[in-house]
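The listed protein sequences correspond, in order, to chains A and B. Per our numbering, residue 271 is the first one in the first sequence, and the count goes up by one each step. Per our numbering, residue -11 is the first one in the second sequence, and the count goes up by one each step. Take a look at the structure set out below.
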Amino acid sequence: MFKSSGTPLIRVGVVSVAILFTMTLPSVAADSEFFATFGLGRPATPTDIHPWDIDISPNGKGLPSGQGTVKEGGMIYTNSCAPCHGPTGIEGPMPTLIGGIGTLNTDQPLKTVGSYWPFATTLFDYIYRAMPFNAPQSLAPQQVYAVVAWILFRNGIIEESTILNAQTLPTITMPNHKGFVGDARPDFSKVRP
Amino acid sequence: MKNNEQPADRKDSPPQSTGQSRSEFSLNRRTFLATASSALGIAAAQMVFPATSATATSVPNDPSRTPGKTSSAYGTRAVFVETQRQFFSTRSLTPLQHLSGIITPSALHFERHHNGVPVIHPLQHRLLVHGLVSQPMIFTVEELKRFPAQSRIAFIECSGNSGKEWKEPNGTTVQETHGLTSTSEWTGVALTTLFQEIGLKPEAQWILAEGSDAAALTRSLPLASILPHALLCYAQNGEPLRPEQGYPLRLLIPGWEGNTCIKWLRRLKLMTHPAMTREETSKYTDLMPDGTARQFTFEMETKSVITSPSGGQQLENPGFIEIRGLAWSGRGRITQVDVSTDGGESWQTAELQEPVLPMCHTRFRFSWKWNGGETILQSRCQDETGDVQPTLTDLIAVRGFNSFYHNNAIQSWKVTKEGQVNNVQI
């Protein structure tokens, strides 16, 4: 990805390590045994890891147990989210969470959870770690499942009867799940105008 | 050159000379706004009256006849220097028009955060490295400081820098149009060094970096691309990081969009795939005209801007003016900067000020004689990969109006007959 070949950006001493690491990544594990360690840090225990290990992958890895319904989610939304995102998730003043499907290729694209987000798991991950904005990480997993269910239902993505949990959430296909492409840059001619 | 900018909390009024005595006059509620532009000699430093400054500063008429101040524990800048970030709740902008050289003073480094600047006790802070590693490990900041250290000077630019300039000229000053980029000397431990200690499993292809701010901000980064360059930094310009810059620990990926350089870093998780976090799906993705969005557009491309004369400034008289600016590229060194003083009709090569470092602001200078006429000033740079900074028209032709991030277009500053400098698009 970096195209600064020939530029020794890593200073002396670790140059050989850097080259080894970048040339063939899979060899790193084997080769790393070869290098002397510095004897710093301590092994992390499951108790250390668990409280911080909150990321959720698109395949559902990391989702906690618990479940939530659209109805429960509506109540949580009204209490904890509506003051900032508006009574129905559209009014704001903070980001609009609902609508915009079909607007991405227009002059006025409306990027929301419904119209833009490629994975439903991201919604769980983000609300669990960062919302409500004034009290992040205050919601229990079942509350997050519920409010995710409400937002997805209001966007027309799931049925009102859907129960969200670690099994059902990763199976949801978001409207824009095929909307993302890789980095196509540089995308200009290199000739000076 | 004067500044027409009027920060909301200040009022301009004519210099007063009250309280004058034989040996000193009082600068009660008055200081000089010392700017880089005053060095041009076109206009003396402008006097401003900050409404907030309550204390009087005694200024002797002849400092060689008055014993000066004794030493102090932590220095402060001259009371006459008032250069400030322009700040909003979740960001603040570097006053590029007032800076010299390439280093941004730490106190003026731009800010961008997603739920405030956390207060973190350095002894409580931990870095957890886990996932696809031979041995999950926890490090204190003190332990990280004991690893072999590396320093490098590098810019960090928010990919939203100039994002509001896609559709129409938005900012008045270069601080407003380009103030989300800054350069520091960063010191820390190379990620490769850390992985010697930990050992990676062969399946590890992505690394999730997480902050311990109230956004617990997370980005997934392709391991092979960041390994040669990534630094876990604890120092900035010789001091511990500023809180706004991630104290006590941040990631630096030289040349990549600022959001990837996770601040207040508490966790690195080695994974097979990206986690597809909100900051790499909903945000920091570039919407194209066909409705698709580019994702994982990490590198900040060749970009330059004239910082003086720049928007909001005022040329006093026709005559010699040194055009000054900054150029940078996330892909390597800047090799050339051209300046146009006729709206892009013709271009001449500017002088690059040493040092010219990869993934670093590079200062350029160009001698110009303003004839007093109306004209447009532009700069255009090229990096060692051959990438040339595009015009806004070129950029829009490919990416449309709605991609917001990664606007590296040529900036145009219009000089009026009256010497006013304005942000325009041509």
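Here a beta-carbon is modelled for each residue, glycine too, at the ideal position from N, C-alpha and C.
Taking 8 Å as the threshold, find out whether the region 123 to 130 of chain B comes into contact with the region 158 to 176 of chain B through three or more Cβ pairs.
The region 123 to 130 of chain B vs the region 158 to 176 of chain B: no contact.
List the DSSP bridge partners of residue 371 of chain B.
In the DSSP output, where bridge partners are listed per residue, residue 371 of chain B has B:322.
Using a Cβ-Cβ distance cut-off of 8 Å, determine whether residue 419 of chain A contacts chain B.
So no, residue 419 of chain A is outside the interface.
Inspect the beta-carbon positions of residue 168 of chain B and residue 79 of chain B and report whether they are closer than 8 Å.
Contact annotation: residue 168 of chain B and residue 79 of chain B have beta-carbon atoms nearer than 8 Å.
I want to verify the contact list: residues of chain A whose CB lies under 8 Å from the CB of residue 218 of chain B, in sequence order.
Result: empty, since nearest Cβ-Cβ is about 10 Å, beyond 8 Å.
Along the alpha helix (DSSP H) that carries residue 255 of chain B, what are the first and last residues, could you check?
Note, residue 255 of chain B: premise wrong, no alpha helix (DSSP H); beta strand (DSSP E) at 253 to 259.
Quick check on the burial criterion: 16 or more other C-beta atoms within 10 angstroms. Buried or exposed for residue 282 of chain B?
Buried is the call here.
Where residue 340 of chain A falls: helix, strand or coil (DSSP)
Reduced to three states, the DSSP call for residue 340 of chain A is helix.
Which listed residue (B:399, B:312, B:163, B:245) has its alpha carbon closest to that of residue 421 of chain B
This structure does not reach residue 421 of chain B, given that chain B is present from -11 up to 414, and the question cannot be answered.
For residue 111 of chain B, is the classification buried or exposed, using 16 other Cβ atoms within 10 angstroms of its Cβ as the cut-off for buried?
Classification of residue 111 of chain B: exposed, given that the 10 Å Cβ count is below 16.
Considering residue 222 of chain B, what are the terminal residues of the beta strand (DSSP E) in which it resides?
219 to 224 is the extent of the beta strand (DSSP E) around residue 222 of chain B.
Counted within 10 angstroms of its Cβ, other Cβ atoms place residue 115 of chain B as buried (16 or more) or exposed:
Within 10 angstroms of the beta-carbon of residue 115 of chain B lie 16 or more other beta-carbons, which makes it buried.
Indicate whether at least one CB of chain B lies closer than 8 Å to the CB of residue 402 of chain A.
The beta carbon of residue 402 of chain A does not come within 8 Å of any beta carbon belonging to chain B, so the residue lies off that interface.
So which residues of chain A does residue 386 of chain B contact, with C-beta pairs closer than 8 Å?
Within 8 Å Cβ-Cβ: 457, 458.
Using a Cβ-Cβ distance under 8 Å, would residue 147 of chain B count as near chain A?
No - not a single Cβ of chain A is within 8 Å of the one on residue 147 of chain B.
Tell me the rounded alpha-carbon separation between residue 415 of chain B and residue 421 of chain A.
It is not possible to answer for residue 415 of chain B, since the shown part of chain B is limited to -11 through 414.
Mapping the DSSP letters down to three states, classify residue 98 of chain B as helix, strand or coil.
In the three-state reduction of the DSSP assignment, residue 98 of chain B falls in the coil class, being assigned neither a helical nor a strand state.
Between the alpha carbons of residue 415 of chain A and residue 101 of chain B, how many angstroms are there, rounded?
So the two alpha carbons sit approximately 27 Å from each other.
Residues in the region 277 to 307 of chain B having any Cβ partner in chain A nearer than 8 Å
From the region 277 to 307 of chain B, only 277, 278, 279, 280, 281, 282, 283, 284, 285, 286, 287, 289 have a Cβ closer than 8 Å to chain A.
According to the neighbour-count rule (16 or more other Cβ atoms, all chains shown, within 10 Å of its Cβ), is residue 200 of chain B buried or exposed?
So residue 200 of chain B ends up on the buried side.
Rounded to a whole number of angstroms, what is the C-alpha to C-alpha distance between residue 407 of chain A and residue 329 of chain A?
Residue 407 of chain A and residue 329 of chain A have their C-alpha atoms roughly 22 Å apart.
Grab me the residues of residue 373 of chain B's own chain with a C-beta within less than 7 Å of its C-beta, minus the 5 sequence neighbours each way, in chain order.
Only 319, 320 meet the Cβ criterion.
Beta-carbon proximity list for residue 284 of chain B, same chain, < 6 Å, skipping 5 on both sides:
Cβ neighbours of residue 284 of chain B beyond the five flanking positions: none.
For residue 146 of chain B, which residues in the same chain have their Cβ closer than 6 Å to its Cβ, ignoring the five residues on either side in sequence?
Spatial neighbours of residue 146 of chain B in its own chain (CB-CB distance under 6 Å, excluding positions within 5 residues in sequence) are listed in chain order as 100, 168, 246.
Just mark residue 392 of chain B as buried or exposed, buried being the case when its beta carbon has 16 or more other beta carbons within 10 Å.
Residue 392 of chain B sits buried, since 16 or more C-beta atoms from the chains shown fall within 10 Å of its C-beta.
Give a yes or no on whether the minimum CB-CB distance between residue 141 of chain B and chain D is below 8 Å.
Given the protein chain composition of this structure (A and B), no chain D is represented.
Ordered list of alpha helix (DSSP H) runs contained in the region 358 to 404 of chain A, each at least 4 residues
Correct list: 390 to 400.
For chain A, is any of its Cβ atoms less than 8 Å away from the one on residue 251 of chain B?
No, residue 251 of chain B lies away from the interface with chain A (no Cβ there is under 8 Å from its Cβ).
Starting from residue 353 of chain A, follow the alpha helix (DSSP H) in both directions and report where the run begins and ends.
That run of the alpha helix (DSSP H) goes 352 to 355.
Would you kindly work out how many angstroms separate the C-alpha atoms of residue 223 of chain B and residue 384 of chain A, rounded to a whole number?
When rounded, the separation of the alpha-carbon atoms in residue 223 of chain B and residue 384 of chain A is 41 Å.
Which residues does DSSP list as the beta-bridge partners of residue 201 of chain B?
Secondary-structure assignment with DSSP links residue 201 of chain B through no beta bridge to anything.
Do residue 455 of chain A and residue 268 of chain B have their C-beta atoms within less than 8 Å of each other?
For residue 455 of chain A and residue 268 of chain B, no; Cβs fall outside 8 Å.
Residue 225 of chain B to residue 409 of chain A span [Cα, whole Å]:
It is roughly 39 Å from the alpha-carbon of residue 225 of chain B to the alpha-carbon of residue 409 of chain A.
One or two residues paired with residue 308 of chain B in a DSSP bridge
Paired residues: B:357.
Could you give the distance in angstroms between the alpha-carbon of residue 399 of chain A and the alpha-carbon of residue 339 of chain B?
Taking the straight line from one Cα to the other gives about 48 Å.
List the residues of chain A that residue 126 of chain B touches, going by C-beta distances under 7 Å, in chain order.
Close to residue 126 of chain B, with beta-carbon spacing below 7 Å, are these residues of chain A in chain order: 311, 312, 314, 318.
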